[in-house]
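FYI, my numbering numbers position 40 of the sequence shown as 618, with every residue one higher than the one before it. We put the CB at the ideal spot given by N, CA and C, even for glycine. Everything below concerns the one structure shown next.
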Amino acid sequence: MNIRASALIGAVLLAATAAPAFAQDDALISKNQTIYDTEGKRVGKVTRVLEDGSALVIYKGKVVRIGAATLTADEGKVSTSLSKKELARLD
Numbered sequence: 579m580n581i582r583a584s585a586l587i588g589a590v591l592l593a594a595t596a597a598p599a600f601a602q603d604d605a606l607i608s609k610n611q612t613i614y615d616t617e618g619k620r621v622g623k624v625t626r627v628l629e630d631g632s633a634l635v636i637y638k639g640k641v642v643r644i645g646a647a648t649l650t651a652d653e654g655k656v657s658t659s660l661s662k663k664e665l666a667r668l669d
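Quick look at the structure:
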């Protein structure tokens, strides 16, 4: 087996093992789960979880994307580090 074939097999194996880790990240939030802001006030329910772990939420009549990096879960309660003012500026 030459170096090129070995590299290709290694890349395929790496790609195959990366997928389950992505699925574990999605476990942080799920559809219909409520998200709370920094003050503990309800932001809204998750309407969709994106592949990158971000959540789509209807907030004040518009759909906003809350980034996965801002989300934390503590005993089943999901919070974002974004304030109401920051949430209002999201698209």
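Check the DSSP bridge columns for residue i and list the partner residues they point to.
i      : result
THR625 : Paired residue(s): none; THR625 is not in a bridge.
ILE636 : VAL641
ARG620 : TYR614
LEU649 : THR658
Cβ of residue i within 8 Å of Cβ of residue j?
i      : j      : result
ALA651 : ASP630 : no
ARG620 : LEU634 : no
ALA613 : THR658 : The sequence as given places Ile at residue 613; Ala does not occur at that position. Yes.
GLY622 : ILE636 : yes
VAL627 : LYS609 : yes
Any idea what DSSP makes of residue i, helix, strand or coil?
i      : result
LEU665 : helix
LYS609 : coil
For the ligand GDP, is there any heavy atom lying closer than 7 Å to the beta carbon of residue i?
i      : result
THR658 : Ligands in the displayed structure: none, and consequently the ligand GDP is not present.
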